[in-house]
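Per my numbering, the sequence shown runs over residues 272 to 355.
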Amino acid sequence: MKNVVVQVHEDEGVRTGLVVTVGPKWLGVIWPDSSGMTINKVDRKAGRFHELDYPVKKARRKLRKMAACFGITKAARRALREPS
């Protein structure tokens with residue numbers, strides 16, 4: 272499931288992001304936010320996400336371009352540089 276594009280349903284609305292880390296209870300997803308681009312934890316058991324049929328390379332490229340506007344943490348920058 273690592274390196275797929277997902278849509279996450281939250282209380283604030285629906286967000287689209289890239290899964291970069293997978294844990295037993297959560298997924299690490301990167302999406303643009305007002306506070307900058309960080310790796311956000313999403314609960315796997317809640318089932319409030321689904322995979323999208325979207326090219327990962329294109330998503331990485333768009334997220335890197337957005338990082339210039341939103342700012343990005345060091346961990347998120349490293350995750351976007353790793354090859355798929």
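Even glycine gets a Cβ: it sits at the ideal position worked out from N, Cα and C.
If you're wondering where the values come from, they're calculated on a predicted model, not measured in any experiment.
Give the DSSP-derived three-state secondary structure of LEU289 in the structure shown.
-> strand
Please go through the same chain and pick out, in chain order, the residues whose beta-carbon is closer than 6 Å to the beta-carbon of PHE341, but skip the five residues on each side of it.
-> PRO303, GLY307 and MET308
Using the DSSP secondary-structure output, state which residues sit across from GLU281 in a beta bridge.
-> GLY284
From the DSSP output, in three-state form, read off VAL313 for me.
-> strand
In its own chain, which residues sit with a C-beta less than 8 Å from the C-beta of VAL327, not counting the 5 before and 5 after it?
-> ASN274, VAL275, VAL276, LEU289 and SER355
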